[in-house]
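S.K.:
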Amino acid sequence: MTEPSKLPHRGVPEHQPAAGGIAARARAAAGPQYLSGLNPEQREAVETLDGPVLVLAGAGTGKTRVLTTRIAHILSQGRARPHEILSVTFTNKAAREMKLRLGQMLGQAVEGMPWLGTFHSIGGRILRFHAELVQLKSNFTVLDVDDQVRLLKQLLQAESIDDKRWPARMLAGLIDGWKNRGLTPSQVPSGEAAMFGNGKGGKLYASYQERLKILNAADFGDLLLENIRLFRENPDVLRQYQNRFKFILVDEYQDTNVAQYLWLRLLSQAPSRPGVPLSAIIPGAMDPAVIPGRAAGVNPESGDKEDSARDSGFAPAGAPRNDAGNPVAQPSPPKNICCVGDDDQSIYGWRGAEVDNILRFEHDFPGAKVIRLERNYRSTGHILAAASHLIAHNEGRLGKTLRTEDVDGEKVTVTGSWDSEEEARAIGEEIEELQRAGENLNEVAILVRASFQMREFEDRFVTLGLPYRVIGGPRFYERAEIRDALAYLRVINSPADDLAFERIVNVPKRGLGDATVQLLHDHARKRRMPLFEAARAVVETDELKPKARGSLRDLILQFDRWRAQREVTAHTELAEIVLDESGYTEMWQKDRSADAASRLDNLKELVRSMEEFENLQGFLEHISLVMDRDGGAEDEAVSLMTLHSAKGLEFDNVFLPGWEEGLFPSQRTLDEQGRAGLEEERRLAHVGLTRARRRAKLYFATNRRIHGTWSTTIPSRFLDELPSANVEITESKGGSGWGGAGGYGPSRFDNVESFGSSYATPGWQRAQANRNRGQAGRSGQARGGFEEGQSSFSGSRSDAFSGGGFSRNKRGPLVIEGELVAKSTGTVSEFSLDDRVFHQKFGYGHVVKIDGNKLTIAFEKAGEKKVVDSFVERV
DNA sequence: TTCTAGTTCGTTTTT
DNA sequence: CGAACTAGAA
Numbered sequence: 001m002t003e004p005s006k007l008p009h010r011g012v013p014e015h016q017p018a019a020g021g022i023a024a025r026a027r028a029a030a031g032p033q034y035l036s037g038l039n040p041e042q043r044e045a046v047e048t049l050d051g052p053v054l055v056l057a058g059a060g061t062g063k064t065r066v067l068t069t070r071i072a073h074i075l076s077q078g079r080a081r082p083h084e085i086l087s088v089t090f091t092n093k094a095a096r097e098m099k100l101r102l103g104q105m106l107g108q109a110v111e112g113m114p115w116l117g118t119f120h121s122i123g124g125r126i127l128r129f130h131a132e133l134v135q136l137k138s139n140f141t142v143l144d145v146d147d148q149v150r151l152l153k154q155l156l157q158a159e160s161i162d163d164k165r166w167p168a169r170m171l172a173g174l175i176d177g178w179k180n181r182g183l184t185p186s187q188v189p190s191g192e193a194a195m196f197g198n199g200k201g202g203k204l205y206a207s208y209q210e211r212l213k214i215l216n217a218a219d220f221g222d223l224l225l226e227n228i229r230l231f232r233e234n235p236d237v238l239r240q241y242q243n244r245f246k247f248i249l250v251d252e253y254q255d256t257n258v259a260q261y262l263w264l265r266l267l268s269q270a271p272s273r274p275g276v277p278l279s280a281i282i283p284g285a286m287d288p289a290v291i292p293g294r295a296a297g298v299n300p301e302s303g304d305k306e307d308s309a310r311d312s313g314f315a316p317a318g319a320p321r322n323d324a325g326n327p328v329a330q331p332s333p334p335k336n337i338c339c340v341g342d343d344d345q346s347i348y349g350w351r352g353a354e355v356d357n358i359l360r361f362e363h364d365f366p367g368a369k370v371i372r373l374e375r376n377y378r379s380t381g382h383i384l385a386a387a388s389h390l391i392a393h394n395e396g397r398l399g400k401t402l403r404t405e406d407v408d409g410e411k412v413t414v415t416g417s418w419d420s421e422e423e424a425r426a427i428g429e430e431i432e433e434l435q436r437a438g439e440n441l442n443e444v445a446i447l448v449r450a451s452f453q454m455r456e457f458e459d460r461f462v463t464l465g466l467p468y469r470v471i472g473g474p475r476f477y478e479r480a481e482i483r484d485a486l487a488y489l490r491v492i493n494s495p496a497d498d499l500a501f502e503r504i505v506n507v508p509k510r511g512l513g514d515a516t517v518q519l520l521h522d523h524a525r526k527r528r529m530p531l532f533e534a535a536r537a538v539v540e541t542d543e544l545k546p547k548a549r550g551s552l553r554d555l556i557l558q559f560d561r562w563r564a565q566r567e568v569t570a571h572t573e574l575a576e577i578v579l580d581e582s583g584y585t586e587m588w589q590k591d592r593s594a595d596a597a598s599r600l601d602n603l604k605e606l607v608r609s610m611e612e613f614e615n616l617q618g619f620l621e622h623i624s625l626v627m628d629r630d631g632g633a634e635d636e637a638v639s640l641m642t643l644h645s646a647k648g649l650e651f652d653n654v655f656l657p658g659w660e661e662g663l664f665p666s667q668r669t670l671d672e673q674g675r676a677g678l679e680e681e682r683r684l685a686h687v688g689l690t691r692a693r694r695r696a697k698l699y700f701a702t703n704r705r706i707h708g709t710w711s712t713t714i715p716s717r718f719l720d721e722l723p724s725a726n727v728e729i730t731e732s733k734g735g736s737g738w739g740g741a742g743g744y745g746p747s748r749f750d751n752v753e754s755f756g757s758s759y760a761t762p763g764w765q766r767a768q769a770n771r772n773r774g775q776a777g778r779s780g781q782a783r784g785g786f787e788e789g790q791s792s793f794s795g796s797r798s799d800a801f802s803g804g805g806f807s808r809n810k811r812g813p814l815v816i817e818g819e820l821v822a823k824s825t826g827t828v829s830e831f832s833l834d835d836r837v838f839h840q841k842f843g844y845g846h847v848v849k850i851d852g853n854k855l856t857i858a859f860e861k862a863g864e865k866k867v868v869d870s871f872v873e874r875v
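In this text, residue positions in the first sequence follow the UniProt record's numbering: the first is 1, and each later residue adds one.
1) Whose C-alpha, out of T516, K335, V444, is nearest the C-alpha of L656?
2) How is A59 classed by DSSP in three states: helix, strand or coil?
3) Nearest to R483 by alpha carbon, out of M454, E611, V507?
4) Would the beta-carbon of L204 fall within 8 Å of that of L171?
5) Spatial neighbours of R553 within its chain, please: CB distance less than 7 Å, with the 5 preceding and 5 following residues excluded, ordered by chain position.
6) Using the C-alpha atoms, what's the distance from G60 back to Y377?
7) Go ahead and label F651 buried or exposed: buried means 16 or more other beta carbons lie within 10 angstroms of its beta carbon, across all protein chains shown.
8) According to DSSP, is D251 part of a helix, a strand, or is it coil?
9) What does DSSP give as the partner residues of H846 in its beta bridges?
10) Considering only their Cβ atoms, is the gap separating D219 from L230 smaller than 8 Å?
11) Taking all protein chains shown into account, decide if residue 945 is buried (16 or more other Cβ within 10 angstroms of its Cβ) or exposed.
12) Among R375, P185, H73, V55, whose alpha-carbon lies nearest the alpha-carbon of L35?
13) Flag this pair as yes or no: are the beta carbons of L133 and L223 separated by less than 8 Å?
14) Using the C-alpha atoms, what's the distance from R101 back to K246?
15) According to DSSP, is E621 helix, strand or coil?
16) Where do the ends of the beta strand (DSSP E) carrying S639 lie?
17) Measure the beta-carbon distance from I391 to D356 and round it to whole angstroms, keeping in mind my assumption that it falls under 8 Å.
18) Using CA atoms only, rank isn't needed, just tell me which of V517, N653, F196 is closest to E433.
19) Mind listing, in chain order, the continuous beta strand (DSSP E) runs of no fewer than 3 residues lying wholly within the segment 426-509?
20) Expressed to the nearest angstrom, what Euclidean distance is found between the alpha-carbon atoms of S716 and G658?
21) Quick one: what's S417 bridged to in DSSP?
22) Thinking just about the alpha-carbon of each residue, which of V46, E576, T642 is nearest to the one in M454?
23) Compare the Cα-Cα distances from A57 to each of R43, D50, L49 and report the closest residue.
24) Between R592, P167, G396, A45, which lies nearest to V847 when the distance is taken from Cα to Cα?
25) Give me whichever residues DSSP pairs with E728 in a beta bridge.
26) I want to know whether the segment 140-154 touches the segment 245-261 - three or more CB-CB distances under 8 Å.
27) Around the C-beta of L67, are 16 or more other C-beta atoms found within 10 angstroms, so that it is buried, or is it exposed?
28) At which residues does the beta strand (DSSP E) containing S87 begin and terminate?
29) What residue range is occupied by the uninterrupted alpha helix (DSSP H) comprising D554?
30) Please look up how many angstroms separate the CB atoms of N726 and V412, rounded, as I've assumed it's under 8 Å.
31) Please go through the same chain and pick out, in chain order, the residues whose beta-carbon is closer than 7 Å to the beta-carbon of A858, but skip the five residues on each side of it.
32) Return the residue from the list A515, H382, P530, F718 that minimises the CA-CA distance to K545.
33) Take G318 and list the residues in its own chain whose beta-carbon comes closer than 7 Å to its own, dropping the five residues that flank it on each side.
34) Check L155 in the structure and name its three-state DSSP category.
35) Can you list, in chain order, the residues of its chain whose CB lies under 7 Å from that of A424, leaving out five sequence neighbours each side?
36) Near F196, what residues of its chain come up, given a Cβ to Cβ distance below 8 Å and the 5 sequence neighbours on each side ignored?
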């Protein structure tokens, strides 16, 4: 421990001068206070202000600290004023965090940093200033995925393409992918464009863009792509921003996609002299001869004949040309851009992130200074060693060696379980043990590869009464009720918002179904008017049935009234009025389902959040970009999330279940991305391990239910790749809740034994051996059908039950089996509606529906479930 | 138009 | 095994 100020097991030290000791005071004397406590590399990263800088910041090395300190440094050195610094992150959370820390550091609010934000929010901001230059109005709507898909469905219909064979969602994905790669419709390689909808992919993309302009809307991808187009077509505008931004900082650079890269590239060029054509700048951003994967985005007009060459990654090596086909001039030297990232944490390749961006930084930004942060202030020795050793199996990386001065700590544990349920049980018990030992549950996290793994843990925790919180999941503004409410407001704000109108015409139900909407569409198309105006016209005719006509007229009148009220009513109040008068609130109040209450809460929250904005317009402009999930949840609880959403977080105790071939690494990724996919999965594993400060615990199960059927699995190859010196194989403690027996087949033990000795052998080789053993032990698999609950009643299962699979099962008490079989034939329920009941697994709830012996119960914690009456008792 | 019974098909997710 | 969607009846 040579760093006296370091706090063991904590994140990067927060240096209070008082706690710093002599050394810290000495350092403080050497420079401004905010620099004190930085290690030499961090300090270099902060102080190297001129020219391009790449900071390779390994996990837990103080990345955010460097970024914020650097901004503080720039400001305090007087090198730039706050509005001259462009600082981009990927998530709102990261942006918020930076603002917060910056505020602390500078001792005041950072309202003066208007250009600190996400790529999308900044892109959107710039776009609004110059909307007319890209055929939009400054109040354009940002579409969510739902709207996008709905719009595409219409286009598919217009082209009479079977949306069974060519789902709109798929097209949305393709378009999104193209936009991520910086490709406008004319730039998409025709081979690729033709793959969708019998060659109509490209045409659809083009008409989609056209429709967006008509609707005065942009999707997320447009916020960047249209920005790039804006810059390309308007050199003066670009120059304005180039001049403004004296410094550019980028967080999580390894996650940037091509569009983001291009955007940064444009902005980071030194301002060109007036008169120098833009073509001198742009194409230099990409050099097809060197960046095969990007070639498609480079030579937009270079002709379709080269498609095959591009697709195969071998673009012609001729001089790059710009949009006009002119030869490329030497690009001006890039200015002060500082990118921070970690190639070992690039886990969004499947979404268009280009690891290449970070790998090729030095090439892209000549003269770049590369600074490595390798001192880890987070994890103990064993954990760090395990993570480093694992990631070292990757080839495509810049290479960093993380080190810590912390103690070795506990070894990383690997535990095998019979099946996923036992895995959940084992983890549950270990967590309770930690809790008894005085650990704070906020310092416990379970990180899973796929979200379906979460349910098992939730069930278990509800049973145990262990508080937990699921991180991630649907965002606040993605929830149906929020989108519906927003749609109402959108229609009020801009009557031409067809997508919003369509969303709510029949929500709540007004008897205005497909037929009516279709009619409106026809009208709108013929007269080239928005749906809302079409509706106004149609109501005057007798084309609609009286009932539909009446309610449509009512709806229009309501909107007219609301729009009038808008002038005289506060926007929050207006929102309440709209939600009430439209019957939307009532719809949820009448809804008997379990989450209706929380939806109403969300609506209240939405209205509350509107207060932060001056008016409806301002609210709508920002809402789709910055609205985050509800924060809340201050209570002590275990965190449950996917590995992806764990990036950037840290916990004392991290549980990593499901390390099995097929699940992790995910088979699908392997199939689709091959080796690159495997490496990304490995980085994911690395991210998982490095989330842990003191304890990292890995698990694998021998049997797991995938898509409803049980299958035998084999331990993940990543387990084999861990250094045995830092790993401990432990027994599963999960056997208890099942009345003893808890034994596993010998197979599991063999697994564990062989694990320690064979970690040098290729994983899959051992996998073969294990597979055989696994099948031998399959007799126990009937267990799958043994799960309690509704499933038991869905078919001919009684044969399976009596068939004897069970008597061989050592793990379940036969009593339950007998009970299950016996009760399942009963017909008359002894329960009545609204009875309060208790269920072993789901806890308390009340009966909302009775169907023979099947009850639908709204559980207080687990939500609404169908269960068999024999599994609950009245209380 | 809407409700309900059948079918399908299963990563990861920001903005 | 279930959520999420789709095709027919009320």
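C-beta: ideal position from N, C-alpha, C; glycine also.
M.R.: Working from what's here:
1) By alpha-carbon distance to L656, the top candidate from T516, K335, V444 is V444.
2) coil
3) Closest option to R483, Cα to Cα, is V507.
4) yes
5) V539
6) 6 Å
7) When all chains shown are included, F651 counts as buried.
8) Of the three classes helix, strand and coil, the one that applies to D251 here is coil, per DSSP.
9) R836, A858
10) With contacts defined as CB atoms closer than 8 Å, L230 and D219 fail to qualify as a contacting pair.
11) This structure does not reach residue 945, given that the chain is present from 1 up to 875, and the question cannot be answered.
12) H73
13) At the C-beta level, L133 and L223 stay beyond 8 Å of one another.
14) 21 Å
15) In the displayed model, E621 falls within a helix according to three-state DSSP.
16) Start and end: 638-642.
17) About 18 Å separates the two Cβ atoms, so there is no contact after all.
18) N653
19) 444-448, 468-470
20) 8 Å
21) A701
22) Nearest C-alpha to M454: T642.
23) R43
24) Taking V847 as reference, the option from R592, P167, G396, A45 with the minimal CA-CA separation is R592.
25) Paired residue(s): T413.
26) no
27) Buried.
28) Counting along the chain, the beta strand (DSSP E) containing S87 begins and ends at 85-89.
29) Element bounds for D554: 546-568.
30) 6 Å
31) A594, G845, H846, V848, E864
32) A515
33) Per-residue confidence for G318 stands at a pLDDT of 31, beneath the threshold of 50, marking its modelled position as unreliable; no derived number is given.
34) helix
35) E456, F457, R460
36) W166, M170, L171, L174, L204
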